[in-house]
Amino acid sequence: RTVYVNGDYLPETEAKVSIFDRGFLMADGVYEVTSVLEGKLIDFDGHAKRLARSLNELEMTCPIPEEELLAMHRELVARNGIDQGMIYLQVTRGNPGDRSFVFPDASLPGTIVAFTQNIPNLADAPAAKTGFRVITIPDLRWSRVDIKTVQLLYPSMGKMAAKKAGVDDSWFTDEAGRVTEGTSNNAYIVKGNRIITRALGNDILHGITRAAVLRFAAEAQYEIEERPFTPEEAQGADEAFSTAASIFVMPVVEVDGKPVGTGKPGPVAVRLREIYLDEMR
Ligand code: PDD
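Residue numbers for the sequence shown follow full-length UniProt numbering, beginning at 3 and rising by one.
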């Protein structure tokens with residue numbers, strides 16, 4: 003695989019980042035994941051805008067001009083011959099030469115790396131046909147998850163909790179017991195013609211897929227209600243689903259051991275997945 007590090011395209015075995023990089027020592031960095039279908043980047047503009055926002059919130063600057071990000075992504079897709087898959091992009095605050103809690107001077111260049119993941123069946127993932135089963139666990143992440151930082155230990159623990167429970171994902175719940183989002187996706191329920199999902203705030207990531215799916219849903223005459231819901235409400239809903247660049251629209255068929263609706267992917271989730279894939283590629 004050819005990867006990108008600070009302006010260079012290198013074989014992955016030759017790519018190096020310092021052990022003093024603040025991304026490594028302090029998870030001081032942000033990232034984006036953009037999907038690729040038929041060699042085309044999906045919604046790159048949205049991901050680039052959110053990256054700029056995440057960087058700004060952390061007083062970081064992009065180590066390369068933001069106008070070059072698209073060309074770099076395309077170059078990686080071409081060099082690696084990616085038809086379906088994802089591109090991971092990470093910007094960390096860089097290597098101040100030692101460990102310190104103080105942010106280094108803003109003139110210190112950050113570290114920017116990117117790599118491709120080849121996923122030949124991304125668009126027709128078998129899981130989309132059976133749907134995700136999820137459990138709920140307390141949301142113990144920090145309070146600014148609207149910033150897409152690389153601190154993914156708790157989401158990773160959430161995924162492992164799901165795996166140990168024999169299901170596909172965890173949905174996090176806030177102190178009032180209401181769902182915030184999934185380990186790496188936004189969460190929704192469907193009641194009749196209404197799609198219900200938590201409103202944007204500091205407590206969820208502002209999903210790029212979420213924005214597109216809600217736009218398409220409104221165009222398809224669904225009602226959108228942005229408010230929190232509980233796992234119990236999800237269990238009693240007609241349908242549930244999750245969205246992310248990595249799963250597009252994924253039906254959710256079980257919450258904490260109870261089936262949602264028929265226990266099979268629901269028509270609204272299936273339709274929104276089709277619309278999303280049709281419109282975006
Ligand atoms: N995760 N919520 C969280 C916590 C996420 O990590 C993600 C994305 C989303 C969905 O955002 P988007 O629609 O922009 O992909 C919501 C990526 C895919 C990841 O970490 O792999």
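Virtual Cβ for every residue (Gly too), placed ideally from N, Cα, C.
For valine 262, no alpha helix (DSSP H) segment is defined, and its DSSP state is neither H nor E. Per DSSP, arginine 55 is one residue of the alpha helix (DSSP H) stretching across 46 to 59.
Looking from the CA of methionine 88, the closest CA among Ser248, Ile277, Gly268 belongs to Ser248.
In the displayed model, serine 102 falls within coil according to three-state DSSP, outside both helix and strand. Here lysine 150 is buried, its C-beta having at least 16 other C-beta atoms within 10 Å. For the pair proline 267 and proline 253, the CB atoms are nearer than the 7 Å cut-off. Residue environment: proline 230 is assigned as buried (16 or more neighbouring CB atoms within 10 Å of its CB, all protein chains considered). In the three-state reduction of the DSSP assignment, proline 267 falls in the coil class, being assigned neither a helical nor a strand state. Taking serine 145 as the centre and dropping the five residues before and after it, the same chain places the C-beta of Asn204, Asp205 closer than 8 Å to its C-beta, in chain order. Within the model, the alpha-carbon separation for lysine 161 versus serine 172 is close to 6 Å. Boundaries around methionine 88 are those of the beta strand (DSSP E), 87 to 94, since no alpha helix (DSSP H) includes it.
One alpha carbon belongs to tyrosine 156, the other to proline 140, and they sit about 10 Å apart. Annotation: alanine 54 to arginine 212 spans about 18 Å, alpha carbon to alpha carbon. Taking the Cβ atoms as the reference, glutamate 183 lies roughly 7 Å from arginine 200, within the contact range of under 8 Å.
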